[in-house]
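Colleague: So that we are looking at the same thing, I have put the structure below in structure tokens.
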Amino acid sequence: MKIVYASRNKMYVCNNGKVSELPCERAEKYTSAVNEINKNKEWKHQGAGAAFREDMRLGETDPEKLISINGICAADEGFIYSARLGEMGAVYRKSADSPKAPEGHIYTGMDRSIGDISYKDGRIAAVLDGHLAIFDERGDYNELTDGQSVEESPSWSAADGRIFCTTKGRSVEDPRVFSAGSILAVDEEAGTIETLYEDEANDLLKPKNDGDGNFWFIRQPYKQPRTEREPIWKSVLLFPVRLVKAIFGFVNAFSVIFGGEPLRKSQKKGDVKTRNKSPREIFFEQRLLEAEKNEKENAAAGDANPGIFPRSRVLVRISPDGTETVVRKGVMDYTLCSEGVICSNGKEILLIGSDGTEKVIAKAELAEKLSVINENTDNGGKKSE
Numbered sequence: 080m081k082i083v084y085a086s087r088n089k090m091y092v093c094n095n096g097k098v099s100e101l102p103c104e105r106a107e108k109y110t111s112a113v114n115e116i117n118k119n120k121e122w123k124h125q126g127a128g129a130a131f132r133e134d135m136r137l138g139e140t141d142p143e144k145l146i147s148i149n150g151i152c153a154a155d156e157g158f159i160y161s162a163r164l165g166e167m168g169a170v171y172r173k174s175a176d177s178p179k180a181p182e183g184h185i186y187t188g189m190d191r192s193i194g195d196i197s198y199k200d201g202r203i204a205a206v207l208d209g210h211l212a213i214f215d216e217r218g219d220y221n222e223l224t225d226g227q228s229v230e231e232s233p234s235w236s237a238a239d240g241r242i243f244c245t246t247k248g249r250s251v252e253d254p255r256v257f258s259a260g261s262i263l264a265v266d267e268e269a270g271t272i273e274t275l276y277e278d279e280a281n282d283l284l285k286p287k288n289d290g291d292g293n294f295w296f297i298r299q300p301y302k303q304p305r306t307e308r309e310p311i312w313k314s315v316l317l318f319p320v321r322l323v324k325a326i327f328g329f330v331n332a333f334s335v336i337f338g339g340e341p342l343r344k345s346q347k348k349g350d351v352k353t354r355n356k357s358p359r360e361i362f363f364e365q366r367l368l369e370a371e372k373n374e375k376e377n378a379a380a381g382d383a384n385p386g387i388f389p390r391s392r393v394l395v396r397i398s399p400d401g402t403e404t405v406v407r408k409g410v411m412d413y414t415l416c417s418e419g420v421i422c423s424n425g426k427e428i429l430l431i432g433s434d435g436t437e438k439v440i441a442k443a444e445l446a447e448k449l450s451v452i453n454e455n456t457d458n459g460g461k462k463s464e
């Protein structure tokens with residue numbers, strides 16, 4: 080079995096339990112181009128001349144921070160991935176068997192954002208600037224949704240031409256606030272949009288169906304993001320402290336640039352600011368994961384393979400007669416295949432068989448966008464495409 084997935088904005092392939100990183104040709108070219116541009120501009124913003132012109136800059140943004148892998152799905156030959164390269168959204172085709180082979184271009188657009196994707200019969204369901212769209216393999220597209228909402232995780236139906244996705248309503252008063260995620264079925268041919276499942280208390284994420292008529296999704300408690308503004312009195316009290324920190328930070332950066340030595344001895348040379356992150360500080364979908372706490376709770380609950388995601392994040396299966404079953408707790412992501420369900424617990428990739436047995440396929444930290452290639456679909460070999 081061959082599985083492609085993303086982790087920390089890099090692509091990997093797991094081939095019969097052996098994991099290896101897949102080079103991303105487009106990201107490498109983008110990084111090289113940005114580094115060359117930054118190098119050519121260094122003389123303008125460093126040194127005594129720049130200081131005299133009051134045009135000092137502490138360094139350009141690391142191009143790797145401008146790159147993200149947003150979606151991966153199996154295709155007829157290899158797989159397709161979507162990415163952000165600076166201000167450009169893109170979709171490319173890649174081979175997992177020959178990872179150094181030239182990548183095929185499908186779409187690039189400046190100031191466009193391409194999110195999750197799903198492939199079926201030469202068409203790509205994708206999240207384009209927060210809304211659902213369908214691309215062909217030439218890069219032409221048709222937008223299906225709009226309005227004051229955002230869509231996520233499109234997936235082609237195993238049974239017909241519909242596309243399933245999660246939708247979240249955006250607050251008019253505060254665009255940072257979204258409603259709980261509900262599940263839509265979008266039918267391009269019929270021109271209809273139907274709400275299949277909704278729950279004000281829970282986010283319903285990553286919907287899929289299989290050829291046996293089962294419907295799958297991840298459910299987790301809905302949490303409204305905190306958007307409280309800092310009280311004025313607190314801002315006034317902290318102003319002197321923040322001013323001193325800002326002045327020290329500037330002087331320290333000046334010392335690094337011209338003297339080659341930081342004022343803080345614990346800081347590495349050439350690094351204006353360093354900070355040791357705790358292993359607990361893992362963010363996923365704008366949420367802070369308490370990894371160590373979650374793993375201990377999962378182990379205490381008797382999980383054979385305890386992961387780092389909370390037990391409240393569960394994989395749900397709804398059978399054709401409406402029976403709901405929690406297949407597994409503490410699931411990061413999943414996909415369907417002919418042998419059962421492949422899922423990630425944040426530490427490992429697991430296979431859950433049709434009889435409920437669970438085995439570890441490979442160690443894989445924060446594996447998401449899971450897709451089985453050389454099967455019928457990114458939804459898995461349960462005849463989902």
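Remember, our numbering sits 79 above the position in the sequence shown when you count from 1. Glycine included, each C-beta is placed from N, C-alpha and C at the ideal position.
Could you tell me which residues DSSP puts in a beta bridge with A99?
Modeller: Your numbering for residue 99 matches position 20 in the sequence shown. It should be pointed out that residue 99 corresponds to Ser in this sequence rather than to Ala. Note: S99 sits in a beta bridge opposite V92.
Colleague: Alpha carbon to alpha carbon, what distance is there between A269 and K356?
Modeller: For the purposes of this step, residue 356 is taken as residue 277 along the sequence shown, with counting starting at 1. For the purposes of this step, residue 269 is taken as residue 190 along the sequence shown, with counting starting at 1. Bear in mind that a pLDDT of 45 at K356, under 50, signals an unreliable position, so the number given afterwards is only what the model happens to contain. The straight-line gap from Cα to Cα measures roughly 50 Å.
Colleague: On the CB-based measure, 16 or more other CB atoms within 10 Å of its CB, does R241 come out buried or exposed?
Modeller: To locate residue 241, count along the sequence shown from 1; it is residue 162. Counting Cβ neighbours within 10 Å, R241 comes out buried, since at least 16 surround it.
Colleague: Using the C-alpha atoms, what's the distance from R396 back to A180?
Modeller: As a first step, residue 180 is located in the sequence shown; it is residue number 101 there, counting from the start. As a first step, residue 396 is located in the sequence shown; it is residue number 317 there, counting from the start. Taking the straight line from one Cα to the other gives about 38 Å.
Colleague: From which residue to which residue does the beta strand (DSSP E) around K424 run?
Modeller: For the purposes of this step, residue 424 is identified with residue 345 of the sequence shown, where counting begins at 1. The sequence shown places Asn at residue 424, not Lys. Taken as a continuous stretch (DSSP letters only), N424 belongs to no beta strand (DSSP E), as it is neither H nor E.
Colleague: Mark S450 as exposed unless 16 or more other C-beta atoms lie within 10 angstroms of its C-beta, in which case mark it buried.
Modeller: Translated into positions along the sequence shown, residue 450 becomes position 371. Result: buried.
Colleague: Just confirm the distance between the C-beta atoms of E231 and T224, as a whole number of angstroms; I'd bet it's less than 8 Å.
Modeller: The residue given as residue 231 occupies position 152 in the sequence shown. The residue given as residue 224 occupies position 145 in the sequence shown. Actually they are not in contact, since the Cβ atoms of E231 and T224 sit about 11 Å apart, beyond 8 Å.
Colleague: Compute the Euclidean distance between the alpha carbons of S261 and W312, then round it to the nearest angstrom.
Modeller: Indexing the sequence shown from 1 puts residue 261 at position 182. Indexing the sequence shown from 1 puts residue 312 at position 233. Straight-line Cα distance between these residues: approximately 39 Å.
Colleague: Please report how far the alpha carbon of T353 lies from the alpha carbon of K144, in whole angstroms.
Modeller: By 1-based counting over the sequence shown, the position of residue 353 is 274. By 1-based counting over the sequence shown, the position of residue 144 is 65. Confidence at T353 is low in this model, with a pLDDT of 39, below 50, so the placement of that residue should be treated as unreliable; the coordinate-derived value is given next. In a straight line, the C-alpha of T353 is about 16 Å away from that of K144.
Colleague: What residue from R407, F318, I387 and V420 has the CA that sits closest to K426's CA?
Modeller: By one-based count along the sequence shown, residue 426 stands at place 347. Closest by alpha carbon: I387.
Colleague: Would you mind listing the alpha helix (DSSP H) stretches within the segment 232–317 that are 4+ residues and don't spill past its ends, in chain order?
Modeller: none
Colleague: Express the C-alpha separation of V420 and A441 in angstroms, rounding to a whole number.
Modeller: Here residue 441 refers to the residue found at position 362 of the sequence shown. Here residue 420 refers to the residue found at position 341 of the sequence shown. A441 and V420: Cα-Cα distance of roughly 14 Å.
Colleague: Within 8 Å, do at least three Cβ pairs link the segment 412–419 to the segment 362–379?
Modeller: no
Colleague: What residues match up with Y478 in a beta bridge as DSSP calls it?
Modeller: Nothing about residue 478 can be read from this structure; the chain reaches only from 80 to 464.
Colleague: With a Cβ-Cβ cutoff of 9 Å, do W235 and A205 count as a contact?
Modeller: Counting from 1 along the sequence shown, the entry for residue 235 is found at position 156. Counting from 1 along the sequence shown, the entry for residue 205 is found at position 126. No, these two residues do not count as a Cβ contact at 9 Å.
Colleague: Could you give the distance in angstroms between the alpha-carbon of G409 and the alpha-carbon of K118?
Modeller: The residue you call residue 409 lines up with position 330 of the sequence shown. The residue you call residue 118 lines up with position 39 of the sequence shown. Approximately 45 Å, taken between the alpha carbons.
Colleague: Measuring CA to CA, which of I452, L284, V323 and T436 is closest to V393?
Modeller: Reading the sequence shown from its first residue, position 314 is the one you call residue 393. With distances taken between Cα atoms, V393 lies closest to L284.
Colleague: Looking at the structure shown, is E166 part of a helix, part of a strand, or coil, going by DSSP?
Modeller: The residue labelled residue 166 in the question sits at position 87 within the sequence shown. Coil.
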